[in-house]
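Here the sequence shown is numbered in the working numbering, starting from 701 and rising by one per residue.
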Amino acid sequence: MNKQRMASLLAAAVAAAALAAMAPRFADAGVLRLCAEILLAICMAQMWNLLAGYTGLLSLGHQIFVGIGAYVLFEGSQRLGVAPYWLLPAAGLAGGLAAALMAPALFRLREAYFSIGLWVFAEIAYLAVSKAPFLGSSAGRTLDLSAIDDPEKFQAISFWVACAIGACALAGVYALMRSRLGLALMTVRDNELAARSIGVDVWRVRLPAFVASGFGCALAGAAYYMGGMFVSPNAAFDINWVVMMMFATLIGGVGSIEGPVIGVLVWFALRELLATWLGLPGGWYLIGMGAVAMVVSLVAPRGIWGLAQRRWGWRGWSVTRRPPAAVE
701 MNKQRMASLL
711 AAAVAAAALA
721 AMAPRFADAG
731 VLRLCAEILL
741 AICMAQMWNL
751 LAGYTGLLSL
761 GHQIFVGIGA
771 YVLFEGSQRL
781 GVAPYWLLPA
791 AGLAGGLAAA
801 LMAPALFRLR
811 EAYFSIGLWV
821 FAEIAYLAVS
831 KAPFLGSSAG
841 RTLDLSAIDD
851 PEKFQAISFW
861 VACAIGACAL
871 AGVYALMRSR
881 LGLALMTVRD
891 NELAARSIGV
901 DVWRVRLPAF
911 VASGFGCALA
921 GAAYYMGGMF
931 VSPNAAFDIN
941 WVVMMMFATL
951 IGGVGSIEGP
961 VIGVLVWFAL
971 RELLATWLGL
981 PGGWYLIGMG
991 AVAMVVSLVA
1001 PRGIWGLAQR
1011 RWGWRGWSVT
1021 RRPPAAVE
């Protein structure tokens, strides 16, 4: 990355940070909540893309990390009597630990079997939480705000937390994929047998990506339900979380940094247009989403960002490697 581009990115980051710092003074609670949802959804989509787009592991069970993060934050806040946002790191660590514990079993599976295996773990977690009386069972539970002095300030903090999580997800995935581990991940994704033949330890390469993906989704899930101040098993372990991540990544462009961002923006734009402005019921809303997905898959099989790259030559946050020039 040249110095001019780095300076422009730094200037954009400073401007975005200043805008986020001033937003709670000018925007109402509804706008802040919508922006926070978009930023947290970007984080979740990036984590799903890290696994599917860069590691070659398609997940149908990432809702398990969303639910684990949310319930760790809610339970810890009530048990310890501290402000919920201090427990966000613990929620992320719980998601990463869950991924590490599931990895020995899941990494023995291949392709669709891995996807189904992770979905089965998510269903087990959902049933366990919904049957646990101390977690509120199927009725759910509200967030303990006894340690919060100013509710309005808490809403602003929730928004700032979402901004930080979204920005760190983008920067973290980019830094990871530009590292040697990222190169090894893409090697395994493209050809696992060839990667093994040149000495790449597939298990050890995939494990950090899986743990990081679980950490990020758990952190975003905890922040999402912290802002809503209520969680239930049906919502936290809902497979629609994975539907959103998959839709956003495939529509935007799998295997790229920009793709999930574009896909999330399209997802929320369609949601607001069809469900809020036009007032369409749930069935028509899903039909509209499916129609958009079909059109994009036919017109741009590599997603919207892939189409833009092919037509206008945009590079963006490219993590592709170029071979060194031949030495005469």
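Ideal Cβ positions, reconstructed from N, Cα and C, are used throughout, including at glycine.
- Here threonine 976 is not bridged, per DSSP, to any residue.
- Taking the C-beta atoms as reference points, glycine 796 is found nearer than 8 Å to glycine 914.
- As for any alpha helix (DSSP H) of minimum length 4 sitting wholly inside the stretch 934-1003, the runs are 940-952, 958-971 and 982-999, ordered along the chain.
- By the Cβ-count criterion, threonine 949 is buried, with 16 or more other Cβ atoms from all chains shown falling within 10 Å of its own Cβ.
- Taking C-beta separations shorter than 8 Å and ignoring five residues to either side along the sequence, the partners of tyrosine 771 in its chain run Val829, Leu835, Val931 and Ala936, following chain order.
- Straight through space, the alpha carbons of leucine 773 and serine 846 are spaced by roughly 14 Å.
- In the three-state reduction of the DSSP assignment, phenylalanine 930 falls in the strand class.
- Ranked by how close their Cα comes to the Cα of alanine 720, the residues Gly776, Cys863 and Ala794 have Cys863 in first place.
- Segment contact: the stretch 874-881 against the stretch 959-970, fewer than three CB-CB distances shorter than 8 Å; contact not assigned.
- Taking a C-beta distance under 8 Å as the contact criterion, arginine 889 and threonine 755 qualify as a contact pair.
- Following the DSSP letters along the chain, one finds alanine 822 inside the alpha helix (DSSP H) bounded by residues 812-830.
- DSSP, read as helix, strand or coil, puts arginine 841 in strand.
- Aspartate 890: member of the alpha helix (DSSP H) spanning 880-890, first to last residue.
- Exposure of glycine 979 is indicated by the presence of fewer than 16 other C-beta atoms within 10 angstroms of its C-beta.
- If you draw a straight line from the Cα of leucine 986 to the Cα of isoleucine 738, it comes to about 19 Å.
- Serine 997 counts as exposed, since fewer than 16 other beta carbons sit within 10 angstroms of its beta carbon.
- For alanine 727, the secondary structure class from DSSP, reduced to helix, strand or coil, is coil.
- When the beta-carbon positions are compared, glutamine 763 and valine 942 come within less than 8 Å of each other.
- Around the beta carbon of arginine 906, 16 or more other beta carbons sit within 10 angstroms, so the residue counts as buried.
- With 16 or more neighbouring CB atoms inside 10 Å of its own CB, isoleucine 957 falls in the buried class.
- In this structure, the straight-line span from the alpha carbon of serine 838 to that of alanine 729 is close to 28 Å.
- If you look at tyrosine 874, you'll find it in the alpha helix (DSSP H) that goes 851-877.
- In the three-state DSSP reduction, alanine 721 falls in the helix class (H, G or I).
- Separation of the CB atoms of glycine 776 and alanine 798 is rounded to 15 Å, and the pair is thereby denied contact status at 8 Å.
- Classified as exposed, methionine 722 has fewer than 16 neighbouring CB atoms from the shown chains inside 10 Å of its CB.
- Straight-line measurement puts the Cα of methionine 994 at about 36 Å from the Cα of methionine 929.
- Residues Met929 and Phe930 of the same chain have their beta carbon placed closer than 7 Å to that of threonine 842, with the five preceding and five following residues left out of the count.
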